[in-house]
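J.:
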Amino acid sequence: MPERIAELVLFTRQGCCLCEGLEEKLQALDPPQPLRVIDVDTDPALQARYGFTVPVLALAGPGGGRPLRELPRVSPRLAGAQLRAWLSKQGVG
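Numbering (numbering that gives the first Met the number 0), first residue to last: 0 to 92.
1) Just how far apart, CA to CA, sit residue 59 and residue 87?
2) For residue 28 and residue 17, I'd like the C-alpha separation in whole angstroms.
3) Which of the three DSSP states, helix, strand or coil, is assigned to residue 72?
4) In whole angstroms, give me the CA-to-CA distance for residue 74 and residue 82.
5) Output yes or no for whether 7 Å exceeds the beta carbon distance between residue 116 and residue 67.
6) Indicate the three-state DSSP secondary structure (helix, strand or coil) for residue 28 in the structure shown.
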């Protein structure tokens, strides 16, 4: 049975340049990493939890559900192979 690739969850909000930059870098990874983007402003509970701390990157639990494991803040300088290496150190993919 093939190993399931972990899904990343990116908590974001519209108009956040850090959020947009991280999303673009994650979508550009080769090989691609499954990514779900959630706008915290669409849910009052998420808005209360994450406030202005976005972007927050998390790893989805087994089957893509909960519980989520929040990852440390990603440096905006990381991209490409450096971002892939950082993700690997976090236990992703």
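Idealized CB from N, CA, C, for every residue including glycine.
Bear in mind the structure is a predicted one, so any value in this text is a computation, not a measurement.
T.: Result, derived from the coordinates:
1) 15 Å
2) 17 Å
3) coil
4) 9 Å
5) Summary: the structure shown does not reach residue 116, with the chain confined to residues 0 through 92, and so no result is reported for it.
6) coil
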